[in-house]
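Reviewing the structure listed below.
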Amino acid sequence: MPVDLPRLSAKRDRPKAGIVHLGLGAFFRAHGAIYVEEAIGKSGGDWGVIGVSLQSPRMRDQLAPQDFVYTAQELGPEGETLRQVEVVRDVLVAREDPEAVLVAMADPDIRIVSLTVTEKGYCHDPATGHLNLEHPDIKSDLENALPVSGPGYLVRALQRRKAAGVPPFTVLTCDNLPDNGRLVRGIVLEFAKLLDPDLAAWIESEGRFPATMVDRIVPATKPEDIEALAAKTGYLDEAPVLHEPFRQWVVEDDFVPAYGVNARPDLAAVGVELVHNVTAYEHMKLRMLNGTHSSLAYLGYLGGYETISETVADPVFASFVKALWRDEIIPSFEAPPGVDVNAYTEALLDRYANPAIRHRTWQIAMDGSQKLPQRILGTLRDNFAKGRSCPGLITAVAAWMIYVSGTDLNGKQIDVRDPLADRLRELSEGAETNAEKVSTLLSVTEIFDEDLAVQLKDTLLAAYSSLRERGVAGTLEVLA
Ligand code: CS2
Numbered sequence: 038m039p040v041d042l043p044r045l046s047a048k049r050d051r052p053k054a055g056i057v058h059l060g061l062g063a064f065f066r067a068h069g070a071i072y073v074e075e076a077i078g079k080s081g082g083d084w085g086v087i088g089v090s091l092q093s094p095r096m097r098d099q100l101a102p103q104d105f106v107y108t109a110q111e112l113g114p115e116g117e118t119l120r121q122v123e124v125v126r127d128v129l130v131a132r133e134d135p136e137a138v139l140v141a142m143a144d145p146d147i148r149i150v151s152l153t154v155t156e157k158g159y160c161h162d163p164a165t166g167h168l169n170l171e172h173p174d175i176k177s178d179l180e181n182a183l184p185v186s187g188p189g190y191l192v193r194a195l196q197r198r199k200a201a202g203v204p205p206f207t208v209l210t211c212d213n214l215p216d217n218g219r220l221v222r223g224i225v226l227e228f229a230k231l232l233d234p235d236l237a238a239w240i241e242s243e244g245r246f247p248a249t250m251v252d253r254i255v256p257a258t259k260p261e262d263i264e265a266l267a268a269k270t271g272y273l274d275e276a277p278v279l280h281e282p283f284r285q286w287v288v289e290d291d292f293v294p295a296y297g298v299n300a301r302p303d304l305a306a307v308g309v310e311l312v313h314n315v316t317a318y319e320h321m322k323l324r325m326l327n328g329t330h331s332s333l334a335y336l337g338y339l340g341g342y343e344t345i346s347e348t349v350a351d352p353v354f355a356s357f358v359k360a361l362w363r364d365e366i367i368p369s370f371e372a373p374p375g376v377d378v379n380a381y382t383e384a385l386l387d388r389y390a391n392p393a394i395r396h397r398t399w400q401i402a403m404d405g406s407q408k409l410p411q412r413i414l415g416t417l418r419d420n421f422a423k424g425r426s427c428p429g430l431i432t433a434v435a436a437w438m439i440y441v442s443g444t445d446l447n448g449k450q451i452d453v454r455d456p457l458a459d460r461l462r463e464l465s466e467g468a469e470t471n472a473e474k475v476s477t478l479l480s481v482t483e484i485f486d487e488d489l490a491v492q493l494k495d496t497l498l499a500a501y502s503s504l505r506e507r508g509v510a511g512t513l514e515v516l517a
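In structure tokens form, the structure reads like this:
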């Protein structure tokens, strides 16, 4: 680490806080935070951001010595641009001081609580969308006034606001979940009902949970990225974010009405699409982008590729992903009004191929148990209902099954990160034949509903066996 360099520092006064963001990781800092900063620049408003890390103090420790300012490094195929983002006022660490987080969230100046806590952060069952009452954090949060989980913070903070006669904040989820606003609303209401039915009724009538579709590729920042940036700029930024040029944010324009025109930053002024219904955008993005991202992640990883751009540079994979879009994904959903899906597909392939973005297959492969349902399984279900087969996506699910066994096709260990990792590996190891391995993994009902498991079984086994016998390239060649 280049410690002898001066530390990055603030150049401007920070706007007063209007947003608390739960899960202040690289994605929100490279996406939502930049839109918010630009909206303040255009139209003003007290929309500074208080970040919250639910678990680790790392982000606070990196940002505090540099006035919570960080560099956003935009990496295009032809070059890069740097900007200094100065919209974060503070970072609170929930594990250290849950009371401070609740105080911030209950503050009447806060009108939005946005979230990027990843799929697993909602403590729900991905197959049904319901709150997981067996989740240890949820059990604890129903008992204790100081929460640990995302849903726990939302409900306990809303409880304080109701008691103080303050309107609720808008809950703005920015995670890649299906119908994310309605999903989070359901989770919050389930939790609140168990705590206090009057609170639930108040949230139901006064609260707002707009759905959003968020899009920007933001690979994790690596130590060498920090060093390279320091060498370029002559200052040390311990928490830069690296991102592609593309960005998109589609938001349902449904914010808490009690705040009138002050319910949100002027997002429309900076290119955010404020719409009545996000569903079509979300289907398109989750299925077209995240569905193929996950497919390329498992197959690319097993095929020996470290990043998505390396994976799609292999013509076998490029043809594979094009066929996925054309034959299996595009037929499964209705495009949003005015969107040309073929142009969208071409742009996606260019984004994946951007060599400046080193997005690791291993990173995208994380938490597959939480991602597969909305990225791939919904597409399979809709195609099966219309009598269409999906050999490519089924091969991707088969690759996931091999991936979560914890051993790759050459017998090398895989560092699988997933809330169900131990169970998935044990199930796979405990089964003997390919057929037994496939069927035991299909019996994990948090991921696969029973009907789908039955429909998938035979073709999935064929794909699984093919990957084991022919390898990834061999299997994709046969598919083509
Ligand atoms: C990726 C996403 O890590 C992943 O699972 O698929 O983070 C993806 O890069 C973003 O959703 C792009 O908007």
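Just so you know, the sequence shown maps onto residues 38 to 517 in this note's numbering.
In this text, a Cβ means the ideal position worked out from N, Cα and C, and glycines have one as well.
Beta carbon of residue i: closer than 6 Å to some heavy atom of ligand 1?
i, result
"Asp252", "yes"
"Asn217", "no"
"His330", "yes"
"Glu401", "The residue you asked about is not Glu; residue 401 is Ile in the sequence shown. Yes, ligand 1 has a heavy atom inside 6 Å of this Cβ."
"Asn213", "yes"
"Asn327", "yes"
Answer yes or no: do residue i and residue j have a C-beta to C-beta separation smaller than 7 Å?
i, j, result
"Tyr338", "Ala435", "no"
"Ala67", "Val255", "yes"
"Val156", "Asp404", "Before going on, a small fix: residue 156 reads as Glu here, not Val. Against a cut-off of 7 Å, the Cβ pair of Asp404 and Glu156 comes out as a contact."
"Ile451", "His396", "no"
"Asp162", "Asn169", "yes"
"Cys160", "Asp174", "yes"
"Leu311", "Asp290", "yes"
"Glu281", "Arg412", "no"
"Ala433", "Ser502", "no"
"Ala390", "Val349", "yes"
"Ala276", "Gln99", "yes"
"Gly113", "Val154", "no"
"Leu279", "Asp252", "no"
"Arg95", "Val130", "no"
"Leu504", "Val353", "no"
"Leu457", "Ser406", "yes"
"Ala267", "Leu42", "yes"
"Leu152", "Leu59", "yes"
"Val453", "Gly443", "yes"
CB-CB under 6 Å to residue i, same chain, minus the five flanking residues each way: which ones, in chain order?
i, result
"Ala490", "Leu479"
"Met250", "Val287, Val315, Tyr318, Glu319, Lys322"
"Ile87", "Ala54, Val57, Arg126, Asp127, Ala141"
"Glu75", "Val307"
I'd like the list of long-range same chain contacts for residue i, defined as Cβ closer than 8 Å, with 5 residues on each side in sequence excluded.
i, result
"Glu243", "Pro204, Pro205, Val293, Ala295"
"Leu326", "Asp252, Leu385"
"Val225", "Pro188, Leu191, Val192, Leu195, Val208, Ile240, Gly244, Phe246"
Compare the Cα-Cα distances from residue i to each of the options and report the closest residue.
i, options, result
"Leu409", "Leu183, Pro215, Arg97, Arg44", "Pro215"
"Val475", "Ile439, Gln92, Val154", "Ile439"
"Ala54", "Trp84, Arg120, Val225, Thr496", "Trp84"
"Ala238", "Glu227, Ala248, Pro247", "Glu227"
"Leu493", "Gly415, Asp377, Leu513", "Gly415"
"Arg51", "Val122, Gly62, Leu59, Pro94", "Val122"
"Phe64", "Glu371, Thr444, Asn213", "Asn213"
"Thr470", "Ala458, Ala499, Asp486", "Ala499"
"Ala143", "Asp262, Arg197, Arg120, Asn181", "Arg197"
"Val124", "Leu326, Ser442, Ala70, Thr482", "Ala70"
"Arg44", "Gln103, Gln92, Ala76, Pro247", "Gln103"
"Arg284", "Asp377, Ala380, Gly308", "Gly308"
"Phe421", "Val441, Glu74, Thr496", "Thr496"
"Leu61", "Val89, Tyr72, Arg49, Val73", "Val89"
Between residue i and the rest of its own chain, which residues show a CB-CB distance below 7 Å, the 5 nearest in sequence each way excluded?
i, result
"Pro184", "Pro135, Asp178, Tyr190, Arg193"
"Ile149", "Gly55, Ile56, Phe206, Thr207, Leu209, Arg301"
"Gly508", "Leu446"
"Ala47", "Asp104, Val106, Glu123"
"Ala182", "Arg193"
Taking 6 Å as the line, does the beta carbon of residue i fall inside it for any heavy atom of ligand 3?
i, result
"Ala317", "For ligand 3, the structure offers nothing, since it holds only ligand 1."
If you pair each beta-carbon of the segment 133-146 with each one of the segment 66-80, do three or more pairs fall below 8 Å?
-> no
Does the segment 230-243 come within contact of the segment 412-431, defined as at least 3 CB pairs closer than 8 Å?
-> no
May I ask you to verify whether the segment 292-306 touches the segment 360-372, counting CB pairs closer than 8 Å and requiring at least 3?
-> no
Can we say the segment 253-270 touches the segment 201-220, given the rule of at least three CB pairs closer than 8 Å?
-> no
Taking three-plus beta-carbon pairs below 8 Å as touching, is the segment 100-110 in contact with the segment 264-284?
-> yes
Could you say if the segment 350-361 and the segment 207-222 meet the contact criterion of at least three C-beta pairs nearer than 8 Å?
-> no
Give a yes or no on contact between the segment 176-193 and the segment 301-311, applying the rule of three or more CB pairs nearer than 8 Å.
-> no
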